[in-house]
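Residue 0 is where the sequence shown starts when you use numbering that gives the first Met the number 0, and the numbers rise one by one after that. Written out below as structure tokens is the structure these notes cover.
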Amino acid sequence: MKTVRHIFNDDFYKITAVLLSKKFSMLETTLKSKYDEAGLIIPEKGFTNESQYREWLKKAMNLPKKPGKFIEDILLSFNLDVNNEFFRNCVTSRLFFYKMPWEESIYPQTNITLTTRNSGKDRGLWVEIKPWTKKQDYIELWESIKMLQKSLIGYRSKEKFQKTFARDFEVYQFYLETKQTVEPSEKASFDNVLNIMADSDKYHLLKKQFKDGNMDEQVRMINSRFDELLKDVNIF
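Structure (structure tokens):
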């Protein structure tokens, strides 16, 4: 088991008192007896590693009452929040690994909580700092933060100004302006609009700004890009 930094806050001492209580001892004895009857013996000093526990857990999950429900019932009997992950982990560690909260555990207390949201207006990554969080906790978590950041819609690995942005927008605006001049009776297809643009001096001036004058092949891509970028903007 790896060494973790313990957080000696109210939750720590609250669950420690619970695990030291005679009431918990009786509940623990009852629980182990039920598993003994089912042929799923929990070692007197707990499982020596997580792999052993996982193997036992696979079998225990086939019983009508799952281990997680037993843990919830224990917490409820003490009027504790069953959704408190730290409480659940401490009870699990005591029941199955014979470890108390002040000892080494595979269940460290959370020092930083990361939450991502990739929908709606408030899209982003939220980093929740706890009252006991230290700078080192943040540093150790930085790689995880970067990985989550990469999963966000709109993630940018590098911020570099697009030097052709003004030129491309001028092409896009010119295309839209030309398209608006097409008579309703005519077909405002892409090729048709491009042919009309080609009759303008502005077209030839813009074309010179493209390598080898290769503008026509890029107009469709430029249009698609700005259509998406400005879909919610009344640009005209």
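Just so it is clear, CB atoms sit at the ideal spot from N, CA and C, and this is done for glycine as well. Keep in mind that this is a model prediction, so the values were computed, not measured.
Neighbour-count burial assignment, residue i, 16 or more Cβ in a 10 Å radius
i      : result
PHE23  : buried
THR177 : buried
TYR12  : exposed
ASN88  : buried
VAL259 : Residue numbering for the chain in the displayed model covers 0 to 235; residue 259 lies beyond these limits and cannot be assessed.
VAL232 : exposed
ILE240 : Here the chain comprises residues numbered 0 to 235, so residue 240 is not present and cannot be evaluated.
PRO183 : exposed
PRO100 : buried
LEU204 : exposed
Option in the options with minimal Cα separation from residue i
i      : options                : result
MET196 : SER184, GLN172, PRO183 : GLN172
ASP121 : GLY153, LYS98, TYR137  : GLY153
ASN83  : ASN194, LEU62, THR109  : THR109
LEU18  : LEU204, LEU79, ARG219  : LEU79
ALA37  : PHE164, PRO63, ASP10   : PRO63
ILE221 : PHE168, TYR202, VAL192 : PHE168
Close beta carbons around residue i, own chain, < 6 Å, minus the five adjacent residues each side
i      : result
GLN208 : ARG166
GLN179 : none
GLU71  : VAL81
Contacts around residue i, its chain only, beta-carbon distance under 8 Å, and the 5 residues preceding and following it disregarded
i      : result
LEU113 : LEU124, TRP125, VAL126, GLU127, LEU140, SER143, ILE144, LEU147
Alpha-carbon spacing of residue i relative to residue j, whole angstroms
i      : j      : result
TYR97  : PRO42  : 9 Å
ARG93  : SER32  : 16 Å
ALA59  : LYS65  : 7 Å
TRP131 : ILE6   : 7 Å
ASP215 : THR115 : 41 Å
SER150 : ASN117 : 9 Å
MET0   : SER50  : Confidence at MET0 is low in this model, with a pLDDT of 42, below 50, so its placement is unreliable and the value that follows should be read with caution. Straight-line Cα distance between these residues: approximately 11 Å.
THR2   : ASN48  : Low per-residue confidence applies at THR2: pLDDT is 49, beneath 50, and the placement is therefore not dependable, though the value from the model is reported in the following sentence. Cα-Cα distance, rounded: 14 Å.
Bounding residues of the beta strand (DSSP E) (the contiguous stretch that carries residue i)
i      : result
ILE111 : 111–116
TRP125 : 123–128
Host alpha helix (DSSP H) of residue i (start-end)
i      : result
PRO66  : 66–76
ARG155 : ARG155 -> no alpha helix (DSSP H), and no H or E assigned at all.
GLU36  : 21–36
SER143 : 134–149
7 Å CB neighbourhood of residue i in its chain, flanking five on each side removed
i      : result
LEU193 : ASP215, VAL218
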